[in-house]
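Reading through the structure tokens given below for one structure.
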Amino acid sequence: MAMLVTSVPAFAASQPTEQFDIAAQDAADDKFRDLFDEQKAMVKTVRNTDWLELISNLRGGNFRTSASLPPPGGVGMRLFGEKCTSCAGLVWDRSKLDLSDAFIWPSGYMAKTEFNINHKGELLNGRSSALVTIERLIECNSRRLTTNADTGELQEIPIGSQLAFNEINWPCTGTEGLAAVFVRSVDVDHVLHALGVVALLDHALGCQLPLVLMDSNNAVRTLDQALQRAFLLEVPKPGIPGTLPMALVPRFPIAVDHLRELSDAKKLELHAMYGITASCLREIFLEHTSDPAALQTLDGFPKFGGSPLGSLSWRCVMFPF
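This is the structure in structure tokens:
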């Protein structure tokens with residue numbers, strides 16, 4: 091079984107630095123603070139294998155989908171799905187959405203909309219009895235109220251516990267209201283996957299979205315270019331055969347053209363280990379077209395298996411764009 095790299099040492103709490111200590115960022119400087127503090131952010135976790143289907147739906151126009159409204163700050167709610175199988179997702183600004191035809195249920199209620207909404211968008215099997223308004227949902231989040239599974243009544247959760255996810259099912263209109271991509275941890279595989287999603291959304295939909303960290307325990311933070319660059323510089327170097335051992339599939343190539351501080355050698359190293367987008371790779375090669383042999387003399391250029399270019403074939407990436 092392939093080894094799973096699960097953390098980046100430089101991000102660990104035991105080794106805080108000014109460059110890597112994400113938790114120490116001043117939340118007041120984060121433009122997403124208000125979006126989450128005012129409960130205007132709707133979030134949808136996406137299975138690692140479902141991104142292409144979701145993007146196809148977003149390109150196609152109107153479709154019903156479900157998301158959750160986190161408590162203030164994005165803290166204290168257990169998101170839908172497991173981190174290992176749904177490590178990233180999307181953020182919408184609900185103030186830019188039409189929720190007049192939305193179905194809304196509070197924390198703890200299992201609406202199971204995939205089985206209980208017909209093709210006409212009508213609720214089935216008594217699911218309408220537990221519907222609440224968006225105002226009531228905001229109140230429930232603020233008061234930490236969840237649905238009692240036995241009585242169906244709303245009750246306050248114990249101190250130290252997390253709310254279960256709530257559900258808002260609404261007619262999504264393309265990319266309207268999309269605000270960000272979020273990742274649920276700073277594990278190497280999760281962040282690389284999320285960066286690939288950011289690149290894929292830009293390529294497929296023309297949406298240039300920021301990446302934010304939402305781990306349910308700490309206030310939401312933006313992983314800006316400086317943090318992305320620092321992260322990529324710390325990606326562990328793999329052993330033979332020279333590709334980063336990952337558990338997540340599919341792998342989406344990451345965009346690095348905007349990270350000007352990364353050297354061409356580092357970008358090629360990342361490509362050999364994981365995969366960068368075809369446009370980024372093309373830019374590097376065009377820059378050295380006048381003297382292709384100069385690629386082999388780049389300071390720090392990766393040499394795997396005795397050949398500088400031998401491991402640049404993109405064996406592991408399924409979606410070169």
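Under our numbering, think of the first position of the sequence shown as 91, with each following residue one higher.
Quick reminder that beta carbons are idealized off the backbone N, C-alpha and C, glycines included.
Comparing alpha-carbon positions, which option in V325, P162, P261, L125 lies nearest G151?
Nearest of V325, P162, P261, L125 to G151, Cα basis: P261.
Can you give me the C-alpha to C-alpha distance between A200 and T139, rounded to a whole angstrom?
Ala is not the amino acid found at residue 200; the sequence shown has Met there. Those two C-alpha atoms are separated by around 23 Å.
According to DSSP, what are the bridge partners of R311?
Answer is L303, bridged to R311.
Does the count of Cβ pairs from the region 135-149 and the region 289-299 closer than 8 Å reach three?
Enough Cβ pairs lie closer than 8 Å, so yes.
Run through DSSP, which three-state label would I207 get?
I207: strand per DSSP, three-state reduction.
Nearest-angstrom Cα separation, counted from R123 out to R154:
In a straight line, the C-alpha of R154 is about 27 Å away from that of R123.
For A239, name the three-state secondary structure that DSSP assigns.
Note: A239 maps to coil in three-state DSSP.
Excluding the 5 residues preceding and the 5 following R137 in the sequence, name in chain order all residues of the same chain whose CB lies nearer than 8 Å to its CB.
Closer than 8 Å at Cβ, skipping near neighbours: G171, T175, S176.
Going by DSSP in three states, L244 sits in which element: helix, strand or coil?
Reduced to three states, the DSSP call for L244 is strand.
When DSSP labels each residue in this structure, what does A284 get in the three-state scheme?
DSSP, read as helix, strand or coil, puts A284 in helix.
Identify the continuous alpha helix (DSSP H) that holds N147 and give its terminal residues.
Looking at the DSSP string, the run of the alpha helix (DSSP H) that includes N147 is 141-150.
Quick one: what's got a C-beta closer than 7 Å to L371's C-beta in the same chain, skipping five residues either side?
Cβ within range, chain order: H361.
Could you tell me whether the region 196-214 touches the region 222-234, using the rule of 3 or more Cβ pairs below 8 Å?
Taking a cut-off of 8 Å on C-beta distances, the region 196-214 touches the region 222-234, as three or more cross pairs fall below it.
Determine whether the beta carbon atoms of Q252 and R311 lie at a separation below 7 Å.
No, these two residues do not count as a Cβ contact at 7 Å.
Can you tell me the Cα-Cα spacing of M132 and A368, whole angstroms?
Approximately 32 Å between the Cα atoms of the pair.
State the start and end residues of the unbroken alpha helix (DSSP H) segment that holds C177.
Premise fails: C177 is in no alpha helix (DSSP H) and is neither H nor E.
By how many angstroms is the C-alpha of T236 removed from the C-alpha of A254?
Per the coordinates, the alpha-carbon of A254 lies some 7 Å from the alpha-carbon of T236.
Out of curiosity, what's the CA-to-CA distance linking G286 and V273?
If you draw a straight line from the Cα of G286 to the Cα of V273, it comes to about 11 Å.
Would you kindly report the start and end of the unbroken beta strand (DSSP E) that includes L268?
Residues 268-273.
Go ahead and label P343 buried or exposed: buried means 16 or more other beta carbons lie within 10 angstroms of its beta carbon, across all protein chains shown.
P343 should be labelled buried.
Cβ distance (whole Å) where N259 is taken to contact F193 below 8 Å
So it is a contact: roughly 4 Å between Cβ atoms.
Report yes or no: do three or more beta-carbon pairs, one from the region 206-226 and one from the region 296-303, lie closer than 8 Å?
With the rule of 3 Cβ pairs closer than 8 Å, the region 206-226 does not count as touching the region 296-303.
Rounded to the nearest angstrom, what separates R341 and E243 at their Cα positions?
C-alpha separation (whole angstroms): 43 Å.
With the cut-off set at 7 Å, would you say K130 and G179 are in Cβ contact?
Contact annotation: K130 and G179 have beta-carbon atoms that are not nearer than 7 Å.
How would you label R184, buried or exposed, when you count the other beta carbons within 10 angstroms and need 16 or more for buried?
Flag for R184 reads buried.
Since I194 is in the beta strand (DSSP E), which residue starts that stretch and which ends it?
It spans 193-195 - the beta strand (DSSP E) in which I194 sits, taken as one unbroken run.
Please work out which residues of its chain come closer than 7 Å, Cβ to Cβ, to V281, disregarding the five sequence neighbours upstream and downstream, and give them in chain order.
Cβ neighbours of V281 beyond the five flanking positions: V273, F321.
From the DSSP output, which residues share a beta bridge with N259?
N259 is bridged to S156, F193.
Rounded separation between T263 and D188 - CA only:
Rounded to the nearest angstrom, the two C-alpha atoms are 9 Å apart.
Checking 7 Å against the spacing of the C-beta atoms, do S158 and N256 come in under that value?
In this structure, S158 lies near N256, with their beta-carbon atoms less than 7 Å apart.
With C-beta atoms as the reference, is V271 less than 7 Å away from A284?
Less than 7 Å divides the Cβ of V271 from the Cβ of A284.
With a threshold of 16 other CB atoms inside 10 Å of the CB of A309, please say whether the residue is buried or exposed.
Counting the other Cβ atoms within 10 Å of the Cβ of A309 gives 16 or more, which makes it buried.
Going by beta-carbon coordinates alone, are D347 and E373 separated by less than 7 Å?
Taking the C-beta atoms as reference points, E373 is found nearer than 7 Å to D347.
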